[in-house]
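> In full-length UniProt numbering, the protein residues as written are 1 to 391.
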Amino acid sequence: MSAEAHENHSATAPPCEEDENPTISTAPAGNEEDTFAGETFTMSSTLLEALLLMGFSENAIKKSIAAGCINEDTCTQWIGMHQGHPELDTPLDANVRVVVKVAKVLTAEEKAAKAAELKEFIRVKKAQEAVHLAQQEREAEKKRIEMGKHVLEAKEQRESAQRALLAEERRKEKEADARAREKIQIELAIDKYTRQGKTPEQAKATALEELEERKKRARDEAAERLKALQSSSASAPQGSSGDGGSSATSSAWNLERVLGVMAQPTTSATDTLSSVFQEPTIPPPTVESFTELLASISKEAASPEAASTCIATIKTILSNIVDAPFDNKKRTLKASSNVFRTRISPYPSAVRLLRAVNFELTPDAEGELFVSLSSVVLRYLHRALEALSKN
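Here it is in structure tokens:
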């Protein structure tokens, strides 16, 4: 067998001896072998001793190594296959020799150095694995958070669409109820005027005129109430300026005494609502933007008590909506109500905060103004409540 063939054979055959002692090599064994022109094979002393203990001759063992065997199993198999063959006892060819290498015995210092090297290798390997595992965990957590965000956004969009659909259905039901009431009122009026001697056409025309008059009267009354509200807000009493004085202004209504809060600013509540809701569209709110609005409320209020009352009222409104997002009553605020008119609408920043969470200013059929939340975006409400809880 040539050296090249032997190398190919060694590359594919499974090693079966101790790791520290390579069984075979075609390289020269030392300076003495440099002058040898033939093939040189090497084997470990451990393998030789093991095969000798099995009863094989040294010549047969070296023959098996020269034939390409690489460990105890392959040597045993080759010798067994050639048992009784004359070639087994003939000497090796002159151009072939097998050199037995004795395993080097390590000193205590060398053993300690190898142990330390192995220990350091294990430590570095574990550190690399820990870093890799931590990176995998971070990536997995990042993916989990992203997936959670997508799921939450999809859920909010679905809920928002459902709420919008529900609000649209309620609006249509309200309009249908109003039309049904008008129809009944018209029929009753036609019946009344027919009994009075009018023709059906005259009775119907009179009934329609009467209905339009009622609608116009309701709109006029709403406008008068709005004008009175604006006038009362603009001319709110400021109280007495002297000690023990009893002027007309001091005998006027004192909002602080009636409501239990400090007197509110004189800015028109309706003008504030209209101007704020006509402002340009704002970007999606953040906790920081809500915090800035709360700070502005504190600056706009006449006293810390008034600001605290306003903020507490907003917190109650938003908390009620989060607890029952489908309750239309909790999502609708009457602009002319005493609480809204005295605690929220005087402060532009408070109205801006409501607008930031999607509240809208809408009038009803009779001209009454409402601040309503037709589309609930929970993440906006949660951000606002987070800012309110820190205030």
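Heads up, the beta-carbon is just placed ideally off N, CA and C, and yes, glycines get one too.
Apply the 10 Å Cβ neighbour rule to K111 and answer buried if 16 or more other Cβ atoms are within range, or exposed otherwise.
Mapped onto the sequence shown, residue 111 falls at position 111. With fewer than 16 Cβ atoms within 10 Å of its Cβ, K111 is classed as exposed.
> Hey, how far is the Cα of L229 from the Cα of T199?
For the purposes of this step, residue 229 is taken as residue 229 along the sequence shown, with counting starting at 1. For the purposes of this step, residue 199 is taken as residue 199 along the sequence shown, with counting starting at 1. The straight-line gap from Cα to Cα measures roughly 45 Å.
> May I ask which residues mark the beginning and end of the alpha helix (DSSP H) holding V322?
Here residue 322 corresponds to residue number 322 of the sequence shown, with the count starting at 1. Its alpha helix (DSSP H) spans residues P304 to D323.
> May I ask you to report which of helix, strand or coil DSSP gives T281?
Looking up residue 281 in the sequence shown gives position 281. Three-state DSSP puts T281 in coil, outside helix and strand.
> Who are the Cβ neighbours of S375 in its own chain at under 7 Å, not counting the five residues just before and after it?
By 1-based counting over the sequence shown, the position of residue 375 is 375. Taken in chain order, the residues that qualify are S160, R163, A164 and N358.
> Look at K335 and L369 and say whether their C-beta atoms are less than 8 Å apart.
The residue labelled residue 335 in the question sits at position 335 within the sequence shown. The residue labelled residue 369 in the question sits at position 369 within the sequence shown. Checking the sequence, you will find Ala at residue 335 rather than Lys. Contact flag set, yes.
> Given that a residue counts as buried once 16 or more other Cβ atoms are within 10 Å of its Cβ, and exposed if not, what is residue 445?
An answer regarding residue 445 cannot be provided, because it is not within the stretch 1 to 391 covered by the chain.
> Do the segment 73-87 and the segment 99-115 make contact, defined as three or more Cβ pairs closer than 8 Å?
With a cut-off of 8 Å, the segment 99-115 and the segment 73-87 do not count as touching, because too few Cβ pairs lie within range.
> Tell me, please, which residues DSSP counts as bridged to M43.
Residue numbering aside, residue 43 sits at position 43 when the sequence shown is read from its first letter. Note: M43 sits in a beta bridge opposite V100.
> How big is the Cα-Cα spacing for F121 and V96?
Along the sequence shown, read from residue 1 onward, the residue named residue 121 stands at position 121. Along the sequence shown, read from residue 1 onward, the residue named residue 96 stands at position 96. Spanning the two alpha carbons is a distance of roughly 41 Å.
> Is S57 buried or exposed, if buried means 16 or more other CB atoms sit within 10 Å of its CB?
Translated into positions along the sequence shown, residue 57 becomes position 57. Label assigned to S57: exposed.
> If you measure between the beta carbons of L188 and F277, is that distance less than 8 Å?
Numbered from 1 along the sequence shown, position 188 holds the residue referred to as residue 188. Numbered from 1 along the sequence shown, position 277 holds the residue referred to as residue 277. Contact: no.
> Measure how close the beta-carbons of K62 and L92 come, nearest whole angstrom, since I'm counting them as under 8 Å.
Taking the sequence shown and counting its residues from 1, the one referred to as residue 62 is at position 62. Taking the sequence shown and counting its residues from 1, the one referred to as residue 92 is at position 92. At roughly 6 Å, the Cβ-Cβ gap stays under 8 Å, so K62 and L92 are in contact.
> Looking at the secondary structure, which residues open and close the beta strand (DSSP E) in which E360 lies?
Start at 1 with the first residue of the sequence shown, and residue 360 comes out as number 360. Element bounds for E360: E360 to P363.
> Write down the C-beta distance between C310 and A301 rounded to the nearest angstrom, noting that I regard them as a contact closer than 8 Å.
Within the sequence shown, residue 310 is the residue found at index 310, counting from 1. Within the sequence shown, residue 301 is the residue found at index 301, counting from 1. Rounded, the Cβ-Cβ distance is 6 Å, consistent with contact.
> My guess is that R383 and P285 are in contact by the Cβ rule of under 8 Å, so how many angstroms apart are they, rounded?
Here residue 383 refers to the residue found at position 383 of the sequence shown. Here residue 285 refers to the residue found at position 285 of the sequence shown. With a Cβ gap of about 6 Å, R383 and P285 count as contacting.
> Helix or strand or just coil, what does DSSP make of T291?
As a working mapping, residue 291 is identified with position 291 in the sequence shown. Three-state result, T291: helix.
> Note down, one range per segment and in chain order, each alpha helix (DSSP H) of at least 4 residues found wholly within the segment 66-148.
As far as the segment 66-148 is concerned, its whole alpha helix (DSSP H) runs of at least 4 residues are 72-81.
> Would L385 be called buried (16 or more neighbouring beta carbons within 10 Å of its own) or exposed?
In the sequence shown, residue 385 corresponds to position 385, counting from 1. That one is buried.
> Go through its chain and collect everything with a Cβ distance to A66's Cβ below 7 Å, but skip five positions before and after it.
As a first step, residue 66 must be located in the sequence shown, where it is residue number 66. Taken in chain order, the residues that qualify are F41, L92, V96 and V98.
> The ligand MN and L88: does the residue's C-beta get closer than 7 Å to at least one heavy atom of that ligand?
Because no ligand of any kind appears in the structure shown, any question about the ligand MN cannot be addressed here.
> Hey, how far is the Cα of K174 from the Cα of A167?
Here the question's residue 174 lines up with position 174 in the sequence shown. Here the question's residue 167 lines up with position 167 in the sequence shown. For K174 and A167, the distance between alpha carbons rounds to 10 Å.
> In angstroms, rounded to a whole number, what distance separates the CA positions of M54 and A60?
Position 54 of the sequence shown, counted from the start, is the residue given in the question as residue 54. Position 60 of the sequence shown, counted from the start, is the residue given in the question as residue 60. Those two C-alpha atoms are separated by around 12 Å.
> With H, G and I counted as helix, E and B as strand and the rest as coil, what does DSSP make of T199?
As a first step, residue 199 must be located in the sequence shown, where it is residue number 199. Three-state result, T199: coil.
> Thinking just about the alpha-carbon of each residue, which of G84, L52, T90 and L47 is nearest to the one in I70?
Here the question's residue 70 lines up with position 70 in the sequence shown. I70 has its Cα closest to that of L47, out of G84, L52, T90 and L47.
> Do L333 and I317 count as a contact pair if the criterion is CB distance below 8 Å?
As a position in the sequence shown, residue 317 is number 317, starting the count at 1. As a position in the sequence shown, residue 333 is number 333, starting the count at 1. Their beta carbons are under 8 Å apart, which means I317 touches L333 by this criterion.
> Indicate whether I184 and L208 have their beta-carbon atoms separated by less than 8 Å.
By 1-based counting over the sequence shown, the position of residue 184 is 184. By 1-based counting over the sequence shown, the position of residue 208 is 208. No.
> Since I believe A103 is in contact with S64 (beta carbons under 8 Å), could you give me their beta-carbon distance rounded to a whole number of angstroms?
Taking the first residue of the sequence shown as position 1, residue 64 is located at position 64. Taking the first residue of the sequence shown as position 1, residue 103 is located at position 103. Between A103 and S64 the Cβ distance is about 20 Å, and since that is not below 8 Å, they are no contact.
> Are the Cβ atoms of A307 and S298 separated by less than 8 Å?
Position 307 of the sequence shown, counted from the start, is the residue given in the question as residue 307. Position 298 of the sequence shown, counted from the start, is the residue given in the question as residue 298. Yes, the Cβ-Cβ distance between A307 and S298 is below 8 Å.
> I'd like to confirm the pairing. Which residues does DSSP put opposite K334 in its beta bridges?
Numbered from 1 along the sequence shown, position 334 holds the residue referred to as residue 334. Answer by DSSP bridge pairing, in chain order: F370.
> Under 7 Å Cβ to Cβ from L353, same chain only, skipping five residues before and after it: list those, please.
As a working mapping, residue 353 is identified with position 353 in the sequence shown. Result list for L353: F290, L293, I314 and A384, in chain order.
> Residue 398: which of G38, A223, V100 and F36 sits nearest, CA to CA?
Residue numbering for the chain in the displayed model covers 1 to 391; residue 398 lies beyond these limits and cannot be assessed.
> DSSP three-state label for P346, please.
In the sequence shown, residue 346 corresponds to position 346, counting from 1. Three-state DSSP puts P346 in coil, outside helix and strand.
> Evaluate A180 with the Cβ neighbour count: other Cβ atoms within 10 Å of its Cβ, from every protein chain shown; 16 or more gives buried, anything less gives exposed.
As a working note, residue 180 is residue 180 in the sequence shown. Exposed.
> Helix, strand or coil: which one does DSSP assign to D220?
Position 220 of the sequence shown holds residue 220. Helix.
> Considering only residues of the same chain and omitting the five flanking positions on each side of A94, which have a CB-CB separation below 8 Å?
To locate residue 94, count along the sequence shown from 1; it is residue 94. Counting only Cβ-Cβ distances below 8 Å, and skipping sequence neighbours, we find G38.
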